[in-house]
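For the sequence shown, position 46 (counting from the first letter as 1) is numbered 46 according to the UniProt record's numbering, and the numbering increases by one without interruption.
Here a beta-carbon is modelled for each residue, glycine too, at the ideal position from N, C-alpha and C.
Being a predicted model, the structure only gives us computed values, none of them experimental.
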Amino acid sequence: MSKSNQNEETVTDILEPTAELDKQILSPVKETRNQAIRYILWGLISVAVNFATFYTTYHLIGLEYQVANVISWVIAVQVAFWVDRLKVFDHHSKYVFREMGKFYATRIVTYLIEAAILWLLMSVIGSSAVLAKILGQAGAIIGNFLFSKLYVFRNK
1 MSKSNQNEET VTDILEPTAE LDKQILSPVK ETRNQAIRYI LWGLISVAVN FATFYTTYHL
61 IGLEYQVANV ISWVIAVQVA FWVDRLKVFD HHSKYVFREM GKFYATRIVT YLIEAAILWL
121 LMSVIGSSAV LAKILGQAGA IIGNFLFSKL YVFRNK
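In structure tokens, the structure reads:
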């Protein structure tokens, strides 16, 4: 065996464990990044449903803003469950109703955060409904992604 072949084997032998370690570290990071991108893109559907329902029930029908928010939330959460399960996290299990229960439970937590933001901005500060809704949704979106990834759709 020539000296250059020995060097190549040595370099490969040295780098192979590093490459495997990089794969173990970077693969979950890349997966999370890709899920976050899919979550944002596919999540626009449930956000659009939420905003359209809120606009319709609050501005057009004239319901009180918290009632309008509950209605828009319930419809958007059901849309989000199926989109997140199938498109974002590509999660398939036989425990659909258990996952749906977890999904709704975590969404209740982020809904309460959003409702508090709406109340604070609209009732206390006197901000516009649109600004309050945008800020409330931003907080809810971040919380929803983390709960979905770490609790609802995690693979054991």
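For TYR104, the uninterrupted alpha helix (DSSP H) segment begins and ends at 96-118.
DSSP, reduced to helix, strand and coil, places LEU63 outside both helices and strands of the structure shown, so it counts as coil. In this structure, VAL47 sits near ALA76, with a CB-CB distance shorter than 9 Å. In terms of Cβ geometry, TYR151 and THR106 form a close pair [threshold 9 Å].
Using a Cβ distance threshold of 9 Å, ASN69 and ALA138 do not count as a contacting pair. Taking the C-beta atoms as reference points, LYS149 is found no nearer than 9 Å to PHE54.
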